[in-house]
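According to UniProt numbering, the stretch in the sequence shown is residues 3 to 258, in order. For each residue, glycine too, the CB sits at the ideal point set by N, CA and C. Since the structure is predicted, the reported quantities are computational estimates derived from the model, not experimental observations. Please read the structure below before turning to the comments.
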Amino acid sequence: RVTAPAQLTVRDVTVRFAGLTALDGVSFTVEPGSVHAVIGPNGAGKSTTFNVLSGVCRAASGSVRLGGTELTGLAPHRIAALGVARTFQNLALPPYATVADTLMLGRHRLTRAGFLAAGLRLPSAAREARAHRERVREIAEFIGLEGELDRPASALPYGQQKLVELGRALCTEPQVLLLDEPVAGMTADERRRTAAVVAGVRDGLGISIVLVEHDMGVVMRLADAVTVLDFGRGIADGSPAEVQNDPAVVQAYLGA
Ligand code: ADP
Ligand code: MG
């Protein structure tokens with residue numbers, strides 16, 4: 003990366019589904035190179051927040067900006083091209099592809115030479131393909147799977163498959179990475195390993211991370227800032243220690 007990621011600002015976002023207000027004027031700011039957790043009881047609006055950030059879901063009002071660029075209303079592929087990558091709560095890996103091929107999928111939006119040059123075997127295309135393979139290897143090392151590049155991703159243990167998905171998102175060279183419950187369903191060992199990778203994404207790659215996660219241990223260890231949602235509203239913002247002791251937050255979790 004050459005430049006630091008831009009600030010991601012969510013301002014007064016409201017989302018309605020046929021009479022139900024899923025998000026009601028939600029605002030928060032993700033500082034460049036930080037882990038910003040979005041937490042809250044079931045149905046609070048966490049996934050809807052991600053869907054707005056990634057363009058899957060349209061806000062009735064409010065805005066999402068990355069630096070000076072308005073993301074509100076853009077299609078998902080445009081938002082991805084501007085540097086916002088996401089992983090999904092449930093695995094979405096192609097069934098037979100190797101780890102290397104799966105990671106390479108993340109490189110496609112960065113390919114300049116295009117299929118014609120590649121088909122004609124032009125030197126520029128060969129150079130570019132080499133650079134992509136090199137980067138795929140680096141990312142595989144980063145997620146600790148450099149020894150598994152030629153194995154089918156779907157043959158790996160669940161925790162490693164989740165890391166492949168994270169790696170594929172990293173291969174798009176994002177400014178902001180949206181992680182929806184990255185450690186859900188993992189063993190204690192896989193959780194530790196994934197948390198270390200996420201910390202490395204922030205500290206080593208300088209990427210901003212928006213983290214939706216139920217595992218409070220992981221949130222408290224990783225997050226620089228936390229936004230708490232309840233019934234579609236932001237009820238608290240602050241450091242992990244601040245929100246943990248906030249009476250409104252305790253009430254929201256006990257009342258759920
Ligand atoms: P969380 O991820 O925090 O559990 P969600 O963002 O998934 O919460 O959901 C917030 C609210 O919006 C819930 O009441 C949920 O039932 C509702 N909701 C989410 N997606 C849809 C949809 N596509 N259509 C109708 N209601 C939805
Ligand atoms: Mg959810």
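Counting only the same chain and skipping the five closest in sequence on each side, list residues whose C-beta sits under 6 Å from that of residue i.
i         : result
G108      : R170, C173 and T174
N53       : C59
D217      : V185
residue 1 : Given a span of 3 to 258 for the chain in the structure shown, any question on residue 1 remains unanswerable.
A131      : none
M222      : P242
R193      : V185
Among the residues of its own chain, which have a CB less than 8 Å from the CB of residue i, if the five just before and after it don't count?
i    : result
R195 : G146, G161 and L165
E150 : V101, A142, L158 and Q162
V4   : Reliability fails at V4, whose pLDDT of 48 lies under 50, so the model's placement of it is uncertain and the value that follows must be treated cautiously. Answer for V4: no residue qualifies.
Pull up the distance between the alpha-carbon of residue i and that of residue j, whole angstroms please.
i    : j    : result
A99  : V138 : 14 Å
A24  : P154 : 38 Å
D232 : V101 : 38 Å
L256 : M188 : 25 Å
A133 : R123 : 15 Å
G47  : G234 : 5 Å
H110 : L181 : 21 Å
S156 : V252 : 39 Å
T50  : S56  : 10 Å
A39  : L76  : 24 Å
D191 : A197 : 10 Å
I81  : L73  : 7 Å
V32  : V245 : 16 Å
V86  : A127 : 26 Å
E215 : V37  : 12 Å
A94  : E183 : 14 Å
A8   : S210 : 8 Å
R204 : N247 : 26 Å
T89  : P125 : 34 Å
Give me whichever residues DSSP pairs with residue i in a beta bridge.
i           : result
A238        : V230
E72         : R67
D182        : V214
residue 305 : Given that the chain is displayed from residue 3 to residue 258, the structure contains no residue 305 and the question cannot be resolved.
T41         : Residue identity differs from the one stated: residue 41 is Ile in this sequence, not Thr. Paired residue(s): V230.
R18         : T23
Excluding the 5 residues preceding and the 5 following residue i in the sequence, name in chain order all residues of the same chain whose CB lies nearer than 7 Å to its CB.
i    : result
A6   : P34, G35 and G208
S29  : V12, R13, D14 and G236
P43  : D232, A254, Y255 and A258
T71  : L84
A250 : I237 and A238
P96  : T104
A201 : L224
### Task
Please list, in chain order, all residues with a C-beta atom less than 5 Å from at least one heavy atom of ligand 1.
F19, A24, N44, G45, A46, G47, K48, S49 and T50
### Query
Taking three-plus beta-carbon pairs below 8 Å as touching, is the stretch 60-68 in contact with the stretch 8-17?
yes
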